[in-house]
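Novice:
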């Protein structure tokens with residue numbers, strides 16, 4: 176059975192997510208999986224990060240409906256993004272694009288054919304009225320070209336991948352979690368080729384330079400100490416054991432980061 | 176595959192919803208969809224509102240189990256409500272009835288046949304012990320008359336539908352959300368036949384009279400200003416941009432409202 | 176369709192649960208049911224209690240993945256526990272064992288065969304990388320002996336069952352909920368053979384002795400009064416109406432309790 180996932184900032188209280196699932200289930204029989212409905216309201220970047228982290232684990236053919244959509248009701252477009260293996264449906268505000276870059280070989284279609292939307296379209300809830308029925312019709316194998324034309328001027332967002340050359344890794348900060356832990360786009364699996372747990376690193380972030388221990392997890396350094404580790408997204412993270420690394424280092428998403436291995 | 180939905184005030188922490196789903200899955204193979212489990216504890220009216228809003232989007236044959244049940248363990252009855260297209264199961268306390276009125280042509284049966292309940296019935300959890308197994312047996316096409324006899328003296332609750340005559344809409348307040356926004360039973364789709372966004376309305380609520388702008392969404396008026404809009408439930412809502420309309424107007428559910436279009 | 180359930184302390188925000196479900200769905204087609212993801216972080220005992228309470232209601236063949244796992248990344252083992260009717264997968268820290276004792280006739284296997292894990296195993300997320308794929312392979316009928324060898328020195332946890340002899344019930348406290356209500360391992364269904372609602376009991380807890388009313392539910396005594404009742408888990412609970420019984424009686428999990436019926 177094909178899978179449709181849902182990622183929103185709606186919370187669960189009002190029944191909005193259920194309305195989306197009802198719409199989908201009226202059109203097709205698929206397995207419905209929640210990614211999360213607790214994205215910080217209107218935080219497109221956070222939604223994009225969680226979506227990108229999740230898609231890797233889903234099977235070929237999964238359709239992801241993502242709705243963090245502060246521009247709903249304005250002229251922002253709705254899009255379908257096809258990739259090598261999975262399909263993304265949502266607003267054209269960058270939300271889908273890190274997942275698209277991650278999945279690879281993507282093509283973006285604007286959703287224009289109202290044959291695949293609900294009859295009555297609200298100004299405030301395109302997740303239910305447009306994105307959910309479009310996703311269900313995709314599961315039913317409606318051709319993408321039927322849904323709308325290909326576009327090239329979509330709003331992009333790309334967390335990218337850090338580079339490791341010789342004894343230097345360079346990348347950027349792509350996410351700061353609610354504890355102030357700093358997630359970079361430097362892949363953990365490649366770091367492990369160069370580094371043993373317990374090694375020291377030199378990190379350059381903004382105008383700061385700081386020696387850091389590379390450890391297996393947060394509790395391997397003293398309380399208050401800075402550390403680098405590989406998080407569950409398989410990305411290098413910087414943190415402070417029981418502290419707030421982002422505040423301490425004064426950094427924010429998109430800041431560049433350089434790491435020297437001794 | 177048939178769908179069973181769940182709406183409760185149980186929260187997700189204690190595993191109670193899972194117990195209901197386990198019971199259902201022991202009797203029938205159906206698709207299980209959560210409407211919400213975050214209804215304010217014991218708030219039957221809020222549960223009724225969210226249920227009524229959700230049913231419209233589900234396919235024919237869906238069975239909805241709703242449990243906001245402050246009277247559990249007393250003599251309040253359990254009921255099955257059949258309608259034109261979907262089935263409702265829960266306590267006889269009004270919770271199911273706005274959805275029943277909305278879906279139309281409803282018949283109410285009291286649940287009495289303990290053949291369709293769990294063997295051991297707790298005093299505190301009829302959602303698991305009675306309503307879930309009954310819903311599963313309904314999916315298995317047990318006739319309604321087998322479950323119990325038809326009753327006429329059920330506890331009713333009806334949000335009704337506002338009326339639009341000439342240049343006047345009359346209705347009532349059916350829900351006040353946690354931001355103080357006021358949801359009425361006046362249908363938005365009909366308002367749009369009379370009104371352009373940007374028009375002015377005159378609203379009479381209780382003994383107050385107030386001019387209001389009819390706008391596409393909350394952000395189309397200044398902070399602190401009163402507005403009327405069509406919400407995602409396709410109902411006319413009154414709100415204050417970044418403020419609490421219900422408190423400002425001193426209104427409550429069931430208060431009557433009259434709107435004049437100029 | 177076979178069922179896989181999920182119980183964790185991950186919350187829903189970060190998409191971790193969805194990653195587990197994506198992994199499972201990449202290996203097998205099963206019905207996925209959440210028990211809860213809101214276990215107090217690292218509270219293995221609370222997780223064990225909710226799991227034990229839930230398993231009774233699931234059909235034969237259900238596979239439960241439970242992850243409350245403060246020892247992840249250390250040398251703690253992963254286990255599969257088969258029982259008379261259902262299967263449990265998770266860390267070897269006691270979490271699964273009360274459910275295993277409840278289900279009966281259990282056998283514990285250590286998970287060692289990396290053929291049934293993800294290719295890349297993180298230090299922090301065995302729920303996704305080991306327990307979920309193992310559960311999916313079990314649904315696909317991989318023999319337990321293929322997953323790993325039988326072990327006998329697993330970490331046990333057993334809530335046990337209280338005893339009723341003559342006019343005395345003895346047992347222990349197995350859970351204190353967030354309201355301070357005290358759940359014992361004395362089965363309610365057996366109490367009802369001895370007691371009518373409204374009877375008085377004499378309770379001995381630690382060095383305290385206290386007369387208590389046995390009532391149908393919390394509201395049957397005055398505010399502030401101690402009561403005994405049968406909760407929805409069908410276990411004897413002690414509570415204070417609108418108060419905190421555990422704090423008042425100064426008790427904690429595993430404390431022994433003795434009840435005399437007059």
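Protein chains in written order, with the numbering used here: chain H, 176 to 437; chain R, 176 to 437; chain B, 176 to 437.
Even for Gly, the Cβ is constructed at its ideal location relative to N, Cα and C.
Given residue 310 of chain R, which residues of its chain have a CB within under 6 Å of its CB, disregarding the five upstream and five downstream residues?
Specialist: Within the same chain, residue 310 of chain R has close Cβ partners 179, 238, 240 and 264.
Novice: Just the Cα atoms here: how many angstroms apart are residue 413 of chain R and residue 301 of chain H?
Specialist: Between residue 413 of chain R and residue 301 of chain H, the C-alpha separation is close to 21 Å.
Novice: Using the DSSP secondary-structure output, state which residues sit across from residue 284 of chain H in a beta bridge.
Specialist: Residue 284 of chain H is bridged to H/255 and H/325.
Novice: Does any CB atom of chain B fall closer than 8 Å to the CB of residue 391 of chain H?
Specialist: Yes, its Cβ sits closer than 8 Å to a Cβ of chain B.
Novice: Whole angstroms are fine: how far does the CA of residue 341 of chain R sit from the CA of residue 434 of chain R?
Specialist: Looking at the two C-alpha atoms, the distance is approximately 11 Å.
Novice: Let me know if residue 176 of chain H comes out buried or exposed under the rule of 16 or more other beta-carbons within 10 Å of its beta-carbon.
Specialist: Exposed: under 16 other Cβ atoms inside 10 Å.
Novice: Using a Cβ cut-off of 8 Å (strictly closer), state whether residue 303 of chain B contacts chain H.
Specialist: Closer than 8 Å: yes.
Novice: With three or more C-beta pairs closer than 8 Å as the rule, is the region 193–210 of chain B touching the region 244–254 of chain H?
Specialist: Because the criterion of three Cβ pairs below 8 Å is not met, the region 244–254 of chain H and the region 193–210 of chain B do not touch.
Novice: Sorted by chain position, which residues of the same chain lie with C-beta nearer than 8 Å to residue 317 of chain B's C-beta, five sequence neighbours on each side aside?
Specialist: Correct list, in chain order: 291.
Novice: What residues in the region 203–217 of chain B bring their beta carbon closer than 8 Å to a beta carbon of chain H?
Specialist: The region 203–217 of chain B vs chain H, Cβ under 8 Å: 204 and 207.
Novice: Taking C-beta pairs closer than 8 Å, name the residues in chain R that residue 198 of chain H reaches, listed in chain order.
Specialist: Under the 8 Å cutoff, chain R gives 232.
Novice: Start and end of the alpha helix (DSSP H) containing residue 363 of chain H?
Specialist: Per DSSP, residue 363 of chain H belongs to the alpha helix (DSSP H) from 363–369.
Novice: Could you give the DSSP three-state label for residue 231 of chain H: helix, strand or coil?
Specialist: Residue 231 of chain H falls in the coil class under three-state DSSP.
Novice: Identify the continuous beta strand (DSSP E) that holds residue 210 of chain H and give its terminal residues.
Specialist: Residue 210 of chain H -> beta strand (DSSP E) spans 206–211.
Novice: Just to make sure I have the definition right: I need the residues of chain H whose C-beta is within less than 7 Å of the C-beta of residue 180 of chain R. Which are they?
Specialist: Neighbours of residue 180 of chain R on chain H, chain order: 193.
Novice: According to DSSP, simplified to helix, strand and coil, what is residue 217 of chain B?
Specialist: Coil.
Novice: Suppose the cutoff is 6 Å on Cβ atoms and the five residues either side in sequence are ignored; what does the same chain contact list for residue 215 of chain B look like?
Specialist: Within the same chain, residue 215 of chain B has close Cβ partners 221.
Novice: Please report the distance separating the alpha-carbon of residue 347 of chain B from that of residue 419 of chain B.
Specialist: Spanning the two alpha carbons is a distance of roughly 18 Å.
Novice: Nearest by alpha-carbon distance to residue 236 of chain B: which of R/197, R/430 and R/252 is it?
Specialist: Among R/197, R/430 and R/252, the Cα nearest to that of residue 236 of chain B is on R/197.
Novice: Under three-state DSSP, which class holds residue 401 of chain R?
Specialist: Residue 401 of chain R: strand per DSSP, three-state reduction.
Novice: First and last residue of the alpha helix (DSSP H) that includes residue 423 of chain B?
Specialist: 420–424 is the extent of the alpha helix (DSSP H) around residue 423 of chain B.
Novice: Is residue 325 of chain B near residue 282 of chain B, with beta carbons less than 8 Å apart?
Specialist: Yes; because the gap between Cβ atoms is below 8 Å, this pair is in contact.
Novice: Check the Cβ of residue 307 of chain H against every Cβ in chain B and list those closer than 8 Å, keeping chain order.
Specialist: Residues of chain B passing the Cβ test: none, with the nearest at roughly 17 Å.
Novice: For residue 185 of chain H, I'd like the list of residues in its chain whose CB is within less than 8 Å of its CB, leaving aside the five on either flank, ordered along the chain.
Specialist: Excluding sequence neighbours, residue 185 of chain H sits near 191, 192, 212, 242 and 302.
Novice: Can at least three beta-carbon pairs, one atom from the region 358–367 of chain R and one from the region 398–412 of chain R, be found at a separation below 8 Å?
Specialist: A contact exists between the region 358–367 of chain R and the region 398–412 of chain R.
Novice: Please state whether the Cβ-Cβ distance between residue 267 of chain R and residue 279 of chain R is less than 8 Å.
Specialist: Against a cut-off of 8 Å, the Cβ pair of residue 279 of chain R and residue 267 of chain R comes out as no contact.
Novice: Determine the contact status of residue 297 of chain R and residue 195 of chain R, defining contact as a CB-CB distance below 8 Å.
Specialist: No.
Novice: In three-state DSSP terms, what is residue 396 of chain B?
Specialist: Three-state DSSP puts residue 396 of chain B in coil, outside helix and strand.
Novice: For the alpha helix (DSSP H) containing residue 313 of chain R, list its first residue and its last residue.
Specialist: 307–314 is the extent of the alpha helix (DSSP H) around residue 313 of chain R.
Novice: Using DSSP with H/G/I as helix, E/B as strand and the rest coil, what is residue 192 of chain B?
Specialist: Of the three classes helix, strand and coil, the one that applies to residue 192 of chain B here is helix, per DSSP.
Novice: Go through its chain and collect everything with a Cβ distance to residue 351 of chain R's Cβ below 8 Å, but skip five positions before and after it.
Specialist: So the qualifying residues of the chain are 357, 358, 421, 426, 427 and 428.
Novice: Under DSSP, the beta strand (DSSP E) around residue 266 of chain R begins and ends at which residues?
Specialist: From DSSP, the beta strand (DSSP E) with residue 266 of chain R extends over 262–266.
Novice: Tell me whether residue 292 of chain R sits in a helix, a strand or coil according to DSSP, three-state version.
Specialist: Looking at residue 292 of chain R - three-state DSSP - the assignment turns out to be coil, as it is neither helix nor strand.
Novice: On a CA-only basis, which of B/334, B/275, B/251 and B/431 is nearest residue 287 of chain B? Give me that one, please.
Specialist: Minimum Cα distance to residue 287 of chain B is reached at B/251.
Novice: Where residue 377 of chain H and residue 338 of chain H are concerned, what is the direct C-alpha to C-alpha distance, given to the nearest angstrom?
Specialist: Taking the straight line joining both Cα atoms gives about 16 Å.
Novice: Using C-beta distances below 7 Å, list every residue in its chain close to residue 217 of chain H, excluding the 5 sequence neighbours before and after it, in chain order.
Specialist: If we look at residue 217 of chain H and ignore the five residues flanking it on each side, its Cβ neighbours are 184, 243 and 245.
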